[in-house]
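In order, the protein sequences belong to chains A and B. Note that my numbering gives residue 225 to position 225 of the first sequence, counting from 1, and the numbers run on in steps of one. Numbers given in my numbering equal positions in the second sequence, counted from 1, plus 1000. Note that the Cβ used here is the ideal one computed from N, Cα and C, for glycine as well. This structure is a prediction, so every number in the text was calculated from the model and none was measured.
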Amino acid sequence: NSLIGDQYLWPTTVPYYFEDDLDINAKGVIMKAFEQYRLKTCIDYKPWSGEKNYISVFKGSGCFSSVGNQRKGKQTLSIGAGCDRIATIEHEFLHALGFWHEQSRADRDDYVTIMWDRIQAGREHNFNKYDDTTSSSLNVPYDYGSMMHYSKTAFQNGTEPTIVTKIPAFSDVIGQRMEFSDSDLLKLNRLYNCTRPTTFLDTCDFELENICGMIQGQGDNTDWERVTKATGGPDTDYSNMGRCTGTGYFMHFSTVSGSEGHTALLESRLLYPNRNYQCLQFFYYHSGNPNDKLEIWVREYDEASPSGTLRMIETITGLPETLWQLHHVSLNVSTKFRVVFKGTKGAGSSTGGLSLDDVNLSETTCPEHVWRIKNFKSIMENTPRGTAIYSPRFRSKYGYTFQMGLYPNGTETSEDMGAYASLTSGDDVIDGDLTWPCPWMQITMMLMDQNADIRKRMSNQRSVTSDPNQKVEGSTMFSWDNPRKVGMEVTDGDGTKYFRGPGFGTSVYLTQARALSREFIKGGDAIFLLSMEDISHLVSSQPLPPTTPTDDLCALIKCENDGVCVMDGVKAACRCVVGDDWSYYGDRCQFKSSIQEGVVTAVVSTVVVFVVMLVVIVVIVVCLKKKYKKKMNDMGGGTTTQNNYA
Amino acid sequence: TSKVTEYDVDGGKEDLFAVNQAAGLDLFEGDILYDEEQVR
């Protein structure tokens, strides 16, 4: 629920400043949190450039923020040790944007019961609620799934819950710290009058007959069909997995009939990019001949080509498989465009075709690697506690090789799933050319919520960053050094030997109950998206805005008659235009004078001064003369001395 | 497969409220900076 009062709102682009004490990993995760805001809301963030009010993010002792824009210039928000998780950061920024905790809203007693006798002594004030003159629920129903809701164990003094949900099914739902819920987003978008997210472009699960405005391309041989099942597979779509009768559509290009080389184009609606990079994500089912192929193109429009120019982006490779496969394609489009899915029938006979579902397009970077774990629920149940399973080794674009270790049934210290990232040895030659210890690479491990709409996903992610200065506990070795030096030799399932460096991560990645919720498991499978990003640019200090905003001061002064404003020390001043026998003057160059006028003024002034001085001198002389005469008379007793004769 | 050393980067704390409690913080509602001058 939000704090009532427009004065507490920020502009939709919020200025921020990263203080130097922030951890590098925290800075990287904050940037990821900002990207979620951009993808799902109209809230954007920009480095502070001198705006009156801004959010100063620093490493305090803990995670905290003020509520709303307090309009006090520098407003602090702490991301301390242990706070560098995307959900925690999104939570604190939601406070800063004007939101209280969900269970403090005016109508909360209709939905939860506060167990006052189970709360730690003196902490009861944490369960205050605000009436509807102070806070607004923005006409959104009570949200058990809000990332702003306390968990059931908040401030408990024993083992019993302090918050009991009126609907028991929500008991373990409250307190999620994964991602924005639908209601979190609805409220934020309402509070800030958002009309569209900043970086989201399109999503389509093909459930509606209008297929999201997509069109069948021209100049091809056949069309893509909207179906619920296809000959040769798949038997269901991916969005609903066939769970709902009468729904569950996807697009299919059959290659059973037709000639080799026949094509079918499916084109998205017109799209208007803001950034020069996009990520196209979709699920693809290949049940045709191995020679059938899917290509991704873009049709770009500009003044020179109003009908659009086709540009090839990528051919989707891979043999037919009885599986909906997740694909990512990076685009780099800067003009109006359409995405084009081009299916081509290859040589040989086919019993199926190509299928598409759950297409998402956003102006974000694509994740690099996909780790799909089949029959994940079974693996959670049957892996012994404290036992890890490992992803394949992935090579990042920087050359470093890494992998994820997952404890599906909890670690030795926690029942939750644990997740750790490690550098591994890769190709000898490539590893030899890399910088060691590995500097400032952020590895992100994301369990993907497989909701068809990217905006509604509440994926769970954690990141760790390689600090080249960090040392192994009790050792002089560097933690992120070459795994051949600091790691341990391990043997892969196929007998391959390699080295694995120390693991960095968390034993509380996600509870099993949450892993079973939403769409983390779909068709029995879980999908982890893994990436490594160089965040060394975040090591240096964020530049401060100029201390004397020159432009702003000059903006306050209007120099007339073509005068120019310049900074004179810390003040703005006008420099006036000067001609051969004239010039402008005055604090805004508002007066004009000429040399002739100046001569006249000088002569007149001189004459006046001369006359005045002459008058003064005459007066002084007359006065002195009178004074001297009087004095002489006084000395002679009033008798005039003359020559006397007897 | 052999096990290598693993480090918990968050000390195994499940939630931001646990982080704040461990830090000895007693903030308003656990993680809110409440300014007395704030008009509410």
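By the rule that beta-carbons nearer than 8 Å mark a contact, A:H149 does not touch chain B.
Under the three-state reduction of DSSP output, A:E90 falls in the helix class. For A:P161, not one C-beta of chain B is nearer than 8 Å to its own C-beta. Residue pairing by DSSP places A:F200 opposite A:S362 in a beta bridge. Between the segment 316–335 of chain A and the segment 272–282 of chain A, the count of C-beta pairs closer than 8 Å reaches three or more; the two stretches touch.
Within its own chain, the residues whose Cβ lies closer than 6 Å to the Cβ of A:V490, once the five positions on either side in sequence are excluded, are R500, listed in chain order. The segment 17–35 of chain A makes no contact with the segment 174–188 of chain A, as fewer than three CB pairs between them are under 8 Å. Under the Cβ distance rule, A:E533 does not count among the residues neighbouring chain B, no pair being separated by less than 8 Å. Taking all protein chains in view, the Cβ of A:S49 is surrounded by fewer than 16 other Cβ atoms within 10 Å, so the residue is classified as exposed. Looking at the DSSP output, A:V340 shares a beta bridge with A:E267 and A:W297. Of the candidates A:G308, A:L326, A:I79 and A:G73, the residue whose Cα lies closest to the Cα of A:Y285 is A:L326.
With contacts defined as CB atoms closer than 8 Å, A:H328 and A:P367 qualify as a contacting pair. For the 8 Å CB-CB criterion, A:H252 and A:E295 do not form a contact.
When the Cα atoms are used, A:N561 and A:C589 turn out to be separated by approximately 6 Å. Judged by DSSP in its simplified three-state form, A:D184 adopts helix.
With a cut-off of 8 Å on Cβ pairs, the segment 69–78 of chain A is in contact with the segment 35–55 of chain A, counting three or more such pairs. Identification of chain B residues near A:S422 by a Cβ-Cβ cut-off of 8 Å yields V1004, ordered along the chain. Within chain B, no residue has its beta carbon less than 9 Å from that of A:C438; the closest one is some 15 Å off. Less than 8 Å divides the Cβ of A:T506 from the Cβ of B:D1008. Sequence-distant Cβ neighbours of A:Y37 in its own chain, meaning closer than 6 Å and more than five residues away, are I43.
Residues of the segment 494–518 of chain A with a C-beta less than 8 Å from any C-beta of chain B: R500, G501, P502, G503, F504, G505, T506, S507 and V508, listed in chain order. Of the residues assessed, A:T153 falls on the buried side of the cut-off, its CB having 16 or more other CB atoms within 10 angstroms. In the three-state reduction of the DSSP assignment, A:C63 falls in the strand class. Inclusion of A:N1 and A:S136 in the CB contact set at 8 Å is warranted, their separation being smaller than that value.
Annotation for A:S378: no beta strand (DSSP E) segment contains it, though the alpha helix (DSSP H) segment containing it runs F376 to N382. When 8 Å is used as the limit between beta carbons, A:N409 is near no residue of chain B, the shortest such separation being about 15 Å. The shortest CA-to-CA distance from A:D492 to any of A:L186, A:L624, A:G233 and A:Y390 is the one to A:Y390. In the three-state scheme derived from DSSP, where H, G and I count as helix and E and B as strand, A:R105 is classed as coil. Taking a contact to require three or more Cβ pairs closer than 8 Å, the segment 416–425 of chain A and the segment 443–462 of chain A qualify as touching. Within 10 angstroms of the beta-carbon of A:G261 lie fewer than 16 other beta-carbons, which makes it exposed. Straight through space, the alpha carbons of A:Y144 and A:A87 are spaced by roughly 16 Å. Within chain B, the residues E1029 and G1030 have their CB atoms less than 7 Å from the CB of A:N126, given in chain order. Counting of Cβ neighbours within 10 angstroms places A:Q176 among the buried residues, the total reaching 16 or more. Cβ neighbours of A:K59 within its own chain (closer than 8 Å, five residues either side excluded): E19, D21, L22, D23, A26, S78, I79, G80 and A81.
Scanning its chain for C-beta atoms nearer than 6 Å, with the 5 sequence neighbours on each side dropped, one finds no residue around A:S349.
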